[in-house]
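Quick note: to get my numbering, add 4 to the position in the sequence shown (first position is 1).
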Amino acid sequence: MNRDRARIAGAVWALLGPALAGCPAAEDPGAPPLRPLLYTEAPGAPLDPPEGLEEWGADSADPVAWPSRHSTRRAALQPHVADHRPAVSPEEASLRVLDAMLRGDAQALEPLLFDAELLRESARMTAAGAEREAARVRQESLALLRRMGPPSARDDEAVFRPGQVTLGRPRRIDGAVASESEEIVLHWGNEVTFQHPTLGVTFTLRIPRLLRGTDGSWRLQGPPEADWKFTTFRALGLDLPASLMDGVHAGWPLAVGNFWHYRTLRPGLDEEPGSTMAPTDGFRDEVIEVVDHGPWRLVRLMRYPDRGTRSPERFAYIQTPTRVFLCARDCQRRSADIEWVLAYARHQVPLLVHPLEAGMSWGSAGLPGGGDTMRVQPEPVAVETPAGLFRESLEVVRTTGRGRESRHYVRGVGIVSRRTVTPGLTTVDELLSWRVLQ
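So this is what it looks like as structure tokens:
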């Protein structure tokens, strides 16, 4: 029997083999991908697609999981909806405070703040004291929200990920540490960490006091505080597009090949044989290398003196979307470390803040404060140099114990004039020519 079947199969193969063994047709690269076939034993009957086929073809569904009873939805970007309910636990309150701060969402912060009456009842304060304290906490919390919030109001700007919530020891209303059997209404010294997803740097939001109200909700009894690391991170604009450092956007274009040639004048200085300084001199600063670290860059320049008696000098800047800092040798060596860059910028006064505006001032990290050393004159001024007349320059003045320096910046060009006054010597650098490559 088996031998008969083998003979029949061989005969069929002899008849059909040549046709089946022909060269296959070349696939059309533009043809749509193959889809599963739908079979039916009643070809004349209308085809009803099986359950899940329509969902399987939708853009938001996972095709690997078809049909519907096994489907898993793809993660979609949904508009963020703020939670306006009272916080029922101190952990929830801490995380919601962080979320509101990072999104710049004042409405989301509202249910986490006390009004004067609820604070009076919950903290057992006088009416006048509760009114003052509630107003202070609200004002300082909203001020921090404006500083911590994203550069734009779009939801996708909130790119930070929440980390760990650490609560302070549970306490009674009188501030004493609560035992397991006592009612917990206070947590002091709370912290929430959060992290940038790509840079890997971790920040901390401190929440000094959380109080449970008489309505059962947990709210801020003291304003939250961002750590110095996040304050510096935001000041440097490290979560802004890196394209802001490019020539078409940057206030000071620092691309490879750009140069600025200056004439140096030292009024009152006499020519002395062998001196390294002359009444008239000059130099050219040229960008020779840009090391890209993503949201910040190390920019290396070479200063070529016009006089052949001096050797070229190297120097460097740290450039971010909103700041330009001088960067010495140790800074250059460690400039790839985000943690080190933040610690460095925290104590350094940048040469330039972008966008530069008339009347502004700044100190360390480019932040305004009582120790400001850089001040922009109230009005733009016209500056005439050998390179031409610049009508809309902004003069930045720095005064220290060693003297006074003023620089005139023109957006898209850079420094067009610099004047340094120290005891016994005045030096003026004027732009002769420049090249900016976009």
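By construction, the Cβ of each residue, glycine as well, lies at the ideal position given by its N, Cα and C atoms.
Which residue's Cα is closest to the Cα of R151: D178, S93, H191 and A104? A104
Assign P115 to one of three DSSP states: helix, strand, or coil. helix
For H412, write down the residues that DSSP places opposite it in a beta bridge. E399 and S421
Please report how far the alpha carbon of T197 lies from the alpha carbon of E343, in whole angstroms. 15 Å
If we ignore side chains and look at the alpha-carbon of each, how far apart do A134 and V141 end up? 10 Å
Could you tell me which whole beta strand (DSSP E) segments of length 3 or greater appear in the region 275-361? 284-296, 301-309, 317-323 and 327-330
Could you name the residues that DSSP lists as bridge partners for T389? G392
Could you tell me which of R314, S315, R301 and Y308 sits nearest to F329, measuring between CA atoms? R301
Ends of the alpha helix (DSSP H) at S145? A131 to M152
Would L214 and P94 qualify as a contact pair, given that the criterion is a beta-carbon distance under 8 Å? yes
Below 8 Å between beta carbons: does that hold for M129 and E137? yes
Please go through the same chain and pick out, in chain order, the residues whose beta-carbon is closer than 6 Å to the beta-carbon of S410, but skip the five residues on each side of it. E399, V401 and R423
Give me the Cβ distance between V414 and E396, rounded to the nearest whole Å; I'm assuming they're in contact under 8 Å. 7 Å
Return the residue from the list T403, P390, R439 and Q336 that minimises the CA-CA distance to S421. P390
Quick check: S365 and G217, are their CB atoms within less than 8 Å of each other? no
Rounding to the nearest angstrom, what Cα-Cα distance links L429 and C331 in this structure? 26 Å
Taking the CB atoms as reference points, tell me whether V294 and L258 lie closer together than 8 Å. yes
At which residues does the alpha helix (DSSP H) containing V101 begin and terminate? P94 to R107
Taking the alpha-carbon positions, what's the A91 to L123 distance? 15 Å
By Cβ distance below 6 Å, which residues in the same chain neighbour L41 in space, the five residues on each side in sequence not counted? Because L41 carries a pLDDT of 40, less than 50, the predicted location of this residue cannot be relied on, and the following value inherits that uncertainty. The answer is none, since no qualifying residue turns up.
Residues in its own chain within less than 6 Å of G153 by CB, not counting five upstream and five downstream? G108
Checking 8 Å against the spacing of the C-beta atoms, do L117 and L224 come in under that value? yes
Quick one, which of I211, V252, I419 and W232 has its alpha-carbon nearest V101's? I211
Compare the Cα-Cα distances from R327 to each of W256, I419 and G363 and report the closest residue. W256
Bridge partners of F263, per DSSP? E290 and R439
May I ask you to list the residues that DSSP assigns as paired with S365? R379
What does I211 pair with, by DSSP beta-bridge criteria? N194
Residues bridged to P174 [DSSP beta-bridge criterion]: H191
Starting from R238, trace the alpha helix (DSSP H) in both directions and tell me its first and last residue. W232 to A239
L123 lies in the alpha helix (DSSP H); which residues open and close that run? A120 to A127
Where does G226 fall in DSSP's three states? coil
Please report how far the alpha carbon of P382 lies from the alpha carbon of R337, in whole angstroms. 38 Å
Mapping DSSP to helix, strand and coil, what is G373? coil
If the criterion is Cβ atoms closer than 8 Å, does the pair N194 and S339 meet it? no
How many angstroms separate the CA atom of P166 from the CA atom of P283? 60 Å
Span separating the alpha-carbon of F394 from that of H200: 41 Å
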